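Quick notes on the structure that follows.
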Amino acid sequence: MKKYAVLSMDVEDWYHLDYFNKNECNLNQSTLDGIDIYLDLLDQYNIKTTFFIVGELVEVLKDKIKLIQDKGHEVCLHSYSHIRPLQLNLEDFRKDTLLGIESFKELVDIDVKGYRAPCFSLDRDRLEILRELGFHFDSSKIKFDQHDLYGRIDLSDFSESGPNIYNQNGFFEFEASTVEVLGKSIPVSGGGYLRIFPWKLTKTLLKKYFKTNKHYFFYIHPFEFSRNYDIKIPETTNFLTKLRFRKGRKTVNNKMHKLIRLLEENNYEFVTFNQIMKNES
């Protein structure tokens, strides 16, 4: 069985992070330089992947989005305003998603067909709205009950066409990678966990994960690669949030090289989500 790895990026700026109040943030500061740093890393290994982009950033990122496409990467939607979908009623979620679709179509002439919810905040009702709006896949499922921001998506009537891949009538759901330790699911798939966990711990968890031969679906953000380490965050920010935002950012690039080499050693094939759909259909 082929083992696929998707090293996706959720393209948002630092002030979109759920633990900041955007209204208190200085929006003139940016960490979007992290996109170029990540693109350079992907180029080094000739990796193609999927970028989920916040709709309200499309106008300022028009040239960058064209570059991402020119390099052979896939472009998808990460909501319009980066409000967690479960904080929106169904109609407002539909409106937010339509704004995102329209921003891509009008500004960069892209029909986005993939979606990922901010903070994996999605349920079955909102998933059905994505299907109604013409999306071909979603990547908002994660098995981690300890995180109170994450949603729960009922896929009981989907078939599992591959490890971490669910399918119903040609619509796909991709589940972020977790590993079970002492009966608990631990994420091994996110930039935050890569930043904060020591590499030895991450490597141990990944080796345990690889033994199951599952596909590996990873996500990271521009701020985690950004070299703008002097972001002035709101004064009201508590200590734990400050630590969470700053911890390990200078280690990410080195850890990503280690992660990619480890995936290569374990015979993972780097692809986009769209490539998986074509192979699994």
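Here the sequence shown is numbered in UniProt numbering, starting from 1 and rising by one per residue.
Yeah, the Cβ is synthetic: ideal placement off N, Cα and C, and Gly gets one too.
A quick note: this is a predicted structure, and the numbers were derived from the prediction, not measured.
Exercise. Any chance the region 34 to 51 sits against the region 89 to 105, with 3 or more Cβ pairs inside 8 Å?
Worked result: The answer is no - the region 89 to 105 does not touch the region 34 to 51, with fewer than three Cβ pairs under 8 Å.
For this session: Measure the alpha-carbon distance for glutamine 146 versus tyrosine 15 and round it to whole angstroms.
Result: Low per-residue confidence applies at glutamine 146: pLDDT is 49, beneath 50, and the placement is therefore not dependable, though the value from the model is reported in the following sentence. One alpha carbon belongs to glutamine 146, the other to tyrosine 15, and they sit about 24 Å apart.
For this session: Can you grab the Cα-Cα spacing for the pair glutamate 128 / asparagine 279, in whole Å?
Result: 24 Å
Exercise. Over what stretch of residues does the beta strand (DSSP E) that includes glutamine 168 continue unbroken?
Worked result: 165 to 168
Exercise. Shorter than 7 Å from the beta carbon of arginine 244 to some beta carbon of chain D?
Worked result: Among the chains in the structure shown there is no chain D, since it carries only a single protein chain.
Problem set entry | Identity of the residues DSSP links to lysine 95 by a beta bridge | Answer is none; lysine 95 lacks a bridge partner.
Exercise. DSSP on isoleucine 276, reduced to helix/strand/coil?
Worked result: In this structure, DSSP gives isoleucine 276 a helical state, which the three-state scheme calls helix.
For this session: Entirely within the region 246 to 270 and at least 4 residues each: give me those alpha helix (DSSP H) ranges in chain order.
Result: 252 to 265
Problem set entry | Own chain, CB closer than 6 Å to histidine 82, minus 5 neighbours either side, in chain order | Glu12, His16, Val54, Pro118
Exercise. For glycine 114, does the count of other Cβ atoms within 10 angstroms reach 16, so buried, or fall short, so exposed?
Worked result: buried
For this session: Sort out for me which residues DSSP pairs tyrosine 219 with in a bridge.
Result: Partner(s): Ser8, Gly190.
For this session: Ignore the nearest five residues each way along the sequence and tell me which others in glutamine 275's own chain have a CB closer than 7 Å to its CB.
Result: none
Problem set entry | 7 Å Cβ shell around lysine 64 - same chain, five flanking residues per side excluded | Leaving aside the five residues that flank lysine 64 on each side, the residues in its chain whose CB is nearer than 7 Å to its CB run, in chain order, Ile35.
Exercise. Counting only runs that start and end within the region 68 to 154, where is the beta strand (DSSP E) found for 3 or more residues in a row?
Worked result: 74 to 77, 137 to 141
Exercise. Taking just the CA atoms, how far does isoleucine 233 sit from asparagine 26?
Worked result: Going from the Cα of asparagine 26 to the Cα of isoleucine 233 covers about 8 Å.
Exercise. Who pairs with phenylalanine 52 in a beta bridge, going by DSSP?
Worked result: Asp10, Cys76
Exercise. Under 7 Å between the Cβ atoms of isoleucine 142 and phenylalanine 171?
Worked result: Cβ atoms of isoleucine 142 and phenylalanine 171: not closer than 7 Å.
Exercise. Apart from the five residues just before and just after threonine 241, which ones in its own chain have a Cβ nearer than 6 Å to its Cβ?
Worked result: Tyr19
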